[in-house]
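Colleague:
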Amino acid sequence: MLATEIQEFAFAWYPVFGVVFMALLLFIFVKLLGSTIGKTKPEYVKASDTAPVLWEDVQGVDAAKDELMDVAAWLREPERFAALGARPPRGVLLYGPPGTGKTMLARAVAAQAGVDFFAASGSSFVEMFVGRGAARIRRLFKEARKSGRAVIFIDEIDAVGGHRSGGGGDGGTSEREQALNQLLVELDGFEKDPGTVIVIAASNNVDKLDEALLRPGRFDRQVLVAPPDRDGREAILRSHAKGKPLAADLDLTDVARKTTGMTGAQLANALNEAAIIAGRAGRFSMARADLDEALLRQAVGSQQARRLSTKERLIVAYHEAGHALSRKLLGLDPPEILSIVPRGPALGFVGHSPREDSYLKSRDELLDEVATLLAGRAAEEEVFGESYSGAADDLARVHMVCRQMAAEFGMGVALDHDGPPPIALPTKDYAVSDATRRDVDLASMTLARGAYRRARALLSANRECLDDLAAHALEHETLTREELDEIFAAHEMHGLAETHGSGAALVAMARERRE
Ligand code: ADP
Ligand code: MG
Ligand code: ZN
Numbered sequence: 002m003l004a005t006e007i008q009e010f011a012f013a014w015y016p017v018f019g020v021v022f023m024a025l026l027l028f029i030f031v032k033l034l035g036s037t038i039g040k041t042k043p044e045y046v047k048a049s050d051t052a053p054v055l056w057e058d059v060q061g062v063d064a065a066k067d068e069l070m071d072v073a074a075w076l077r078e079p080e081r082f083a084a085l086g087a088r089p090p091r092g093v094l095l096y097g098p099p100g101t102g103k104t105m106l107a108r109a110v111a112a113q114a115g116v117d118f119f120a121a122s123g124s125s126f127v128e129m130f131v132g133r134g135a136a137r138i139r140r141l142f143k144e145a146r147k148s149g150r151a152v153i154f155i156d157e158i159d160a161v162g163g164h165r166s167g168g169g170g171d172g173g174t175s176e177r178e179q180a181l182n183q184l185l186v187e188l189d190g191f192e193k194d195p196g197t198v199i200v201i202a203a204s205n206n207v208d209k210l211d212e213a214l215l216r217p218g219r220f221d222r223q224v225l226v227a228p229p230d231r232d233g234r235e236a237i238l239r240s241h242a243k244g245k246p247l248a249a250d251l252d253l254t255d256v257a258r259k260t261t262g263m264t265g266a267q268l269a270n271a272l273n274e275a276a277i278i279a280g281r282a283g284r285f286s287m288a289r290a291d292l293d294e295a296l297l298r299q300a301v302g303s304q305q306a307r308r309l310s311t312k313e314r315l316i317v318a319y320h321e322a323g324h325a326l327s328r329k330l331l332g333l334d335p336p337e338i339l340s341i342v343p344r345g346p347a348l349g350f351v352g353h354s355p356r357e358d359s360y361l362k363s364r365d366e367l368l369d370e371v372a373t374l375l376a377g378r379a380a381e382e383e384v385f386g387e388s389y390s391g392a393a394d395d396l397a398r399v400h401m402v403c404r405q406m407a408a409e410f411g412m413g414v415a416l417d418h419d420g421p422p423p424i425a426l427p428t429k430d431y432a433v434s435d436a437t438r439r440d441v442d443l444a445s446m447t448l449a450r451g452a453y454r455r456a457r458a459l460l461s462a463n464r465e466c467l468d469d470l471a472a473h474a475l476e477h478e479t480l481t482r483e484e485l486d487e488i489f490a491a492h493e494m495h496g497l498a499e500t501h502g503s504g505a506a507l508v509a510m511a512r513e514r515r516e
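Set out below in structure tokens:
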């Protein structure tokens with residue numbers, strides 16, 4: 002009885018439920034669609050929403066700043082340049098590795114000129130629905146024009162501005178193409194409407210950009226934002242160290258010296274990490290050891306609680322001692338630190354930092370570098386008469402350097418002035434024959450073998466120093482530059498009479514191997 006009553010009740014309400022349910026579904030669907038379409042996502046950020054970046058805040062990129070200076074001047078006083086009949090700059094492309102300060106520079110230009118700043122990311126123009134990205138670009142430019150003088154910043158422009166693919170693409174590419182086309186239309190539109198809006202775009206890789214973007218009147222001004230040199234690094238460190246108390250032993254000039262190749266973002270990050278390390282240890286200022294630890298974490302990884310057996314520690318100690326000693330003997334940049342405390346993926350490591358920033362390396366220098374890379378393995382062989390699996394990373398790097406020497410730098414054989422010209426293979430867009438490929442393999446193997454032989458001979462001639470280094474490493478786990486120097490000074494150093502294999506010897510060896 003009861004059962005039928007319920008059934009009847011349910012039956013009577015079915016249609017109503019149905020309608021409500023459908024309405025609900027429709028509502029959710031529209032809501033979902035709306036959010037993917039982007040109504041809820043901000044399309045760009047106006048700088049007034051965030052703290053401005055001042056011109057002085059951007060350090061160590063003076064060349065780029067010089068080039069942007071007149072863009073800022075133009076935005077500030079367009080009349081002055083117009084009176085001279087100058088064509089306004091339209092698009093400026095900042096390119097360079099991530100973290101060098103491209104975003105900062107774009108913001109600083111706007112702040113310097115006292116104009117509005119609109120920032121958007123290239124990827125936000127590539128949406129799921131065709132035409133959406135293009136519409137966003139149109140709106141962004143419209144807003145910027147409305148504010149009179151403005152900087153539009155498009156980060157990661159590669160996302161929209163990459164090479165257009167040939168044939169018919171899927172939805173994604175045609176959406177991207179529409180966005181790119183819209184961007185070109187907007188840039189060209191400046192011609193008719195010389196309002197004072199300048200577009201600054203950033204990219205990590207100009208090679209990937211569509212040529213259409215780089216044509217005159219578009220992003221015709223390209224500014225390289227390179228990692229800072231030593232003075233630049235020091236300036237960046239000083240500016241980011243403001244408000245961070247430094248201990249007396251922390252010398253930022255010295256930090257700048259040993260951070261070759263690091264970008265502004267990495268330096269800022271290391272300082273911050275060091276402050277956290279100091280804080281966690283309950284100190285009130287940041288010491289040299291804190292920053293060194295932060296730099297090591299960035300370069301190698303964090304300390305690991307791996308427990309090695311006694312034998313394994315001995316092997317690691319000799320392996321690292323081999324790297325450090327050969328570096329010293331070959332007169333390369335001296336080792337700064339030797340450690341057998343496992344860190345990141347490494348069981349031990351030797352750190353060194355260049356005496357100078359350098360942009361060129363000679364064949365001999367490269368071969369010396371290869372020899373020190375191989376000296377870890379050479380020490381294992383010399384001491385234990387056995388090789389261990391820990392050297393895989395060294396070997397991979399050796400392979401890379403030697404291959405590059407043979408295939409790209411034309412250094413497969415020594416440059417003998419009346420001998421045959423060295424060979425280099427353009428590896429891009431060039432079909433390489435099997436025979437040539439084999440020659441390259443053979444040449445790079447020969448280079449590596451020669452370097453290994455030298456490393457082995459060096460260690461064998463300086464065995465006492467090698468033993469001493471390993472013993473100290475076992476005892477102290479980490480040796481500083483000063484401690485290393487003290488050990489080196491206690492021994493007479495034996496170099497090798499013959500430095501590098503001569504071209505003729507290498508050629509003979511290669512021939513021998515081929516037969
Ligand atoms: P990019 O846009 O080139 O990837 P950013 O401008 O976003 O680099 O930099 C990220 C952060 O790194 C900045 O907020 C700043 O703290 C720091 N930084 C990077 N380059 C510099 C520089 N040249 N001077 C000062 N700080 C820098
Ligand atoms: Mg950036
Ligand atoms: Zn090694």
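For the sequence shown, the working numbering gives the first residue as 2, with consecutive numbering after it.
The C-beta atom is built at its ideal place from N, Cα and C for all residues, glycine as well.
(1) How far does the alpha helix (DSSP H) with Pro336 in it reach, from first residue to last?
(2) Taking the CB atoms as reference points, tell me whether Ala372 and Arg455 lie closer together than 8 Å.
(3) Ordered along the chain, which non-local residues of its own chain (more than five positions away) have a Cβ less than 7 Å from that of Lys1?
(4) What number of angstroms, rounded off, separates the C-alpha of Gly496 from the C-alpha of Leu470?
(5) For Lys103, verify whether its CB is less than 7 Å away from any heavy atom of the ligand ADP.
(6) Where Asp451 and Asp189 are concerned, what is the direct C-alpha to C-alpha distance, given to the nearest angstrom?
(7) Are Val152 and Ala83 closer than 8 Å when you measure CB to CB?
(8) Determine the closest residue to Ile316 out of Glu383, Gln304, Ala271, with distance taken between C-alpha atoms.
(9) By Cβ distance, which residues of its chain are closer than 6 Å to Ala279, with the 5 residues on each side in sequence left out?
(10) Compute the minimum distance between the beta carbon of Thr261 and the heavy atoms of the ligand ADP, and state whether it is under 7 Å.
(11) When the Cα of Glu144 is compared with those of Arg216, Arg133, Phe118, Ile158, which residue comes out closest?
(12) Please report the straight-line C-alpha distance between Ile199 and Gln179, rounded to a whole angstrom.
(13) Using a Cβ-Cβ cutoff of less than 6 Å, which residues in the same chain neighbour Gly163 once the five nearest sequence positions on both sides are dropped?
(14) Output the distance between the C-alpha atoms of Leu253 and Arg308, rounded to the nearest integer angstrom.
(15) Considering only DSSP beta bridges, list what Gln304 is partnered with.
(16) Quick one, are the C-beta atoms of Glu465 and Ser340 less than 8 Å apart?
(17) So, at 6 Å on beta carbons, what are the nonlocal neighbours of Trp56 in its own chain, with the 5 sequence-adjacent residues on each side left out?
(18) Three or more C-beta pairs closer than 8 Å, one from the region 92–104 and one from the region 122–142: is that the case here?
(19) Along the chain, which unbroken stretches of the alpha helix (DSSP H) at least 4 residues long are found entirely within the region 466–504?
(20) Go through its chain and collect everything with a Cβ distance to Arg231's Cβ below 7 Å, but skip five positions before and after it.
(21) To the nearest angstrom, report how far apart Ser148 and Leu296 are at their CA atoms.
(22) Excluding five sequence neighbours on each side, which residues of the same chain lie with their C-beta closer than 8 Å to the C-beta of Val399?
(23) According to DSSP, is Gln267 helix, strand or coil?
(24) Between Val186, Tyr360, Leu225, which lies nearest to Asn205 when the distance is taken from Cα to Cα?
(25) Taking a cut-off of 5 Å, which residues have a beta-carbon closer than that to any heavy atom of the ligand ZN, in chain order?
(26) Determine which residues share a DSSP beta bridge with Ser122 and list them.
(27) How far does the alpha helix (DSSP H) with Gln113 in it reach, from first residue to last?
(28) In chain order, what residues of the same chain have a beta carbon less than 7 Å from the beta carbon of Glu301, not counting five sequence neighbours either side?
Modeller: Reading it off the structure:
(1) Careful: Pro336 lies outside any alpha helix (DSSP H), inside the beta strand (DSSP E) at 336–340.
(2) yes
(3) In the structure as shown, the chain starts at 2 and stops at 516, and residue 1 therefore has no counterpart that could be examined.
(4) 17 Å
(5) yes
(6) This sequence places Gly at residue 451; Asp is not what is there. Cα to Cα, the separation comes out at about 58 Å.
(7) no
(8) Glu383
(9) Met287, Asp291
(10) no
(11) Phe118
(12) 21 Å
(13) Lys209
(14) 35 Å
(15) Arg344
(16) no
(17) Ala109, Gln113
(18) no
(19) 482–490
(20) Ala257, Arg258, Asp358
(21) 44 Å
(22) Val371, Leu374, Leu375, Ala449, Ala452
(23) helix
(24) Leu225
(25) Gly377, Asp395
(26) Asp156
(27) 103–114
(28) Per the sequence shown, residue 301 should be read as Val rather than Glu. Contacts found: Arg344, Gly345, Ala347, Phe350.
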